[in-house]
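Participant: Under mature numbering (1 follows the signal peptide of the UniProt record, and there is no 0), residues -25 to -1, 1 to 361 are what the sequence shown spells out, in order. Built from N, CA and C at the ideal position, the CB exists for glycine as well. Just so you know, these numbers come straight off a predicted model, no measurement behind them. Below is one structure. I have some questions about it.
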Amino acid sequence: MTLSKFTRRLLAGVVLSAIAAAAHAQLKVGIDLSSTGPAAAIGITSKNAMLMWPKTIAGQNAEYIILDDGSDPGAAVRNIRKLISEDHVDVIVGPNITPAALAALDPVAESETPMITLIGSASVVEPQEGKKVWAFKMAQTDRAMADVMTRYMANHGIKTVGFIGFADSYGDSWLNEFTKFADLRHIKIVASERFNRTDASVTGQILKLMSAKPDAVLIAGAGTPTVLPQRTLVERGYKGAIYQTHGIATPEFIKLGGKDVEGTLFPTQPVVVARTLPADHPSKKTALAFVNAYEEKYGKGSVTQFAGDAAGVYPRLQDAVARALKAGKPGTKEFRVALRAELEHAHELVVPNGVVNTSATDHVGLDQRASVMGVIKNGAFTYLAQ
């Protein structure tokens, strides 16, 4: 019995449709951000950048599923478990606070799902063993930022520093990394204090720091909660230099801090100071293109480092997905495993916040081209030459 011409055409159409569907399989990206709560200033700008991502990744239709964890690590884990078990995502992006990213290691490792975090601390990716092999990170490490900061301090006569940091893993990481480079450059930490993201007063801690008479104070936190210790220092008459970490670079920090944060010194990444970067900086063109596009959509002065980190996730995925498709299609374990492996093979990939070269032992891939010093001048984040 022979097939009719109509039946043959119908079967051919089914085959072609199946081939087309396989070629354009939907890739699911699960995203967990702190869009509310104390870290909202970070999460909102990250989300804004993600809303600018193209609808396809390496030729695959992309579905972006964005959940808010309210700046709560427990909620972040619940979100990620849902994204993995119910939505069957191929990759997790986020969280954007360190405690949540560390807590997320369990579900991503259990499910063998790669995770690209947006935090500053390297603790989620170092050392590259166990659960951490499933985690990658977009932001420059605290180590690199502490390096560029202490180099600037040493070059400008800072001999003693008072430290006040978040009473969590972010503060722990910064104290650890800053101490190493401070020792290297003969800078002494003369007092160390902690505060919580939700504290209403830090007067006691600030008075203790000031009694040690440091040349400079380093506030190790992120987002708007870091305004409180700086304002308290100013109100109590501290006259030394005030340094913050790269976690402050949001418009909300300047808006809330006002004149109290003018002159703040901080390490940062290219996007934050894109317009004042030297012309020969390798990321200036890419950073400036992103800043212009972001500010056209969200308003002048709205861009942040965190938006730049989030923008960089897309070219990271575009780069890795193109190669991972050779091992399997989205929605399969084979694809997730291959994607994790290919995320280790970025080579001289220029993103808004630096140039990425990853490996099996380096899941960040940023060098000193992603670390610069900045200063708040006339109410704006400005590049500061070493």
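#1: Taking a contact to mean a Cβ-Cβ separation below 8 Å, would you say I139 touches I194 in this structure?
#2: Any idea if V258 is buried or exposed, counting beta-carbon neighbours within 10 angstroms, 16 or more meaning buried?
#3: When you compare the CB positions of S147 and I67, do they come within less than 8 Å of one another, or not?
#4: With the cut-off set at 8 Å, would you say G198 and P13 are in Cβ contact?
#5: I need the straight-line Cα distance from A(-5) to A121, nearest angstrom please.
#6: Taking Cβ positions, are A335 and Q103 nearer each other than 8 Å?
#7: Fully enclosed by the region 123 to 157, which beta strand (DSSP E) runs are 3 residues long or longer?
#8: Just to confirm, is the Cβ distance from V339 to G287 under 8 Å?
#9: Measure the Cβ-Cβ separation of V123 and A110 and say whether it is below 8 Å.
#10: Tell me, please, which residues DSSP counts as bridged to G5.
#11: From the DSSP output, which residues share a beta bridge with S167?
#12: Between the Cα of V52 and those of S9, G34, E317, spot the shortest distance and give me the residue it belongs to.
#13: Considering only residues of the same chain and omitting the five flanking positions on each side of R344, which have a CB-CB separation below 7 Å?
#14: May I ask you to check if the CB of H161 is nearer than 7 Å to at least one heavy atom of the ligand ADP?
#15: If I measure Cβ to Cβ from E87 and keep anything under 8 Å in the same chain, skipping five residues before and after, which residues do I get?
#16: In chain order, which continuous runs of the alpha helix (DSSP H) of length 4 or greater are located wholly inside the region 202 to 289?
#17: By Cβ distance below 6 Å, which residues in the same chain neighbour I17 in space, the five residues on each side in sequence not counted?
#18: What did DSSP end up calling L193 once you bin it into helix, strand or coil?
#19: Taking Cβ to Cβ, would you say D294 is nearer than 8 Å to A321?
#20: To the nearest angstrom, report how far apart E317 and E227 are at their CA atoms.
#21: Quick one: what does DSSP say M348 is sitting in, helix, strand or coil?
#22: Just to confirm the assignment, what range does the alpha helix (DSSP H) spanning K22 have?
#23: In angstroms, rounded to a whole number, what distance separates the CA positions of K188 and L26?
#24: Taking F265 as the reference, which of S21, K106, V177 has the closest Cα?
#25: Distance check for T239 and G196, CA to CA, integer angstroms please.
#26: Less than 8 Å between the CB atoms is what I'm expecting for K106 and D81, so what's the real figure, rounded?
#27: I'd like the list of long-range same chain contacts for K134, defined as Cβ closer than 7 Å, with 5 residues on each side in sequence excluded.
#28: Just list the residues that DSSP pairs L324 with in beta bridges.
#29: Pick from Y213, T116, K30, G283: whose alpha carbon is nearest that of T225?
#30: Would you say I94 and A114 are within 8 Å of each other, going by their C-beta atoms?
#31: Tell me whether the beta-carbon of V347 lies closer than 8 Å to the beta-carbon of T243.
#32: If you run the structure through DSSP and keep just helix, strand and coil, what is M90?
#33: Run the CB neighbour count on A360, radius 10 Å, all protein chains shown included, and call it buried at 16 or more, exposed below.
#34: Tell me the rounded alpha-carbon separation between T357 and L324.
#35: Check for me: the alpha helix (DSSP H) holding K308 runs from which residue to which?
#36: On a Cα-Cα basis, can you pick out the residue from P48, T125, Q219, D235 that is closest to D143?
Facilitator: Per the coordinate set shown:
#1: yes
#2: The question names Val, but residue 258 in the sequence shown is Ser. So S258 counts as buried.
#3: At residue 147 the sequence reads Asp, which differs from the Ser that was named. In this structure, D147 lies away from I67, with their beta-carbon atoms at least 8 Å apart.
#4: Yes, the pair counts as a contact, with Cβ atoms nearer than the cut-off.
#5: Confidence at A(-5) is low in this model, with a pLDDT of 41, below 50, so its placement is unreliable and no value can be given for it.
#6: yes
#7: 135 to 141
#8: no
#9: no
#10: Checking the DSSP bridge columns, you'll see G5 partnered with I40, I67.
#11: F138
#12: S9
#13: P257, S258, G329, V330
#14: The ligand ADP is not part of this structure, which contains no ligands at all.
#15: W109, K308, R311, V312, R315
#16: 202 to 210, 226 to 232, 259 to 273
#17: N71, G198, F281
#18: strand
#19: yes
#20: So the two alpha carbons sit approximately 36 Å from each other.
#21: strand
#22: Where K22 is concerned, the enclosing alpha helix (DSSP H) stretches over 15 to 25.
#23: 47 Å
#24: S21
#25: Roughly 14 Å between the two C-alpha positions.
#26: 7 Å
#27: I162, K163, D190
#28: The partner list for L324 (beta bridge, DSSP) reads V331.
#29: For the set Y213, T116, K30, G283, the Cα lying nearest the Cα of T225 is the one of G283.
#30: Contact flag set, yes.
#31: yes
#32: strand
#33: exposed
#34: Cα atoms of T357 and L324: separation of roughly 25 Å, rounded to the nearest angstrom.
#35: 308 to 317
#36: P48
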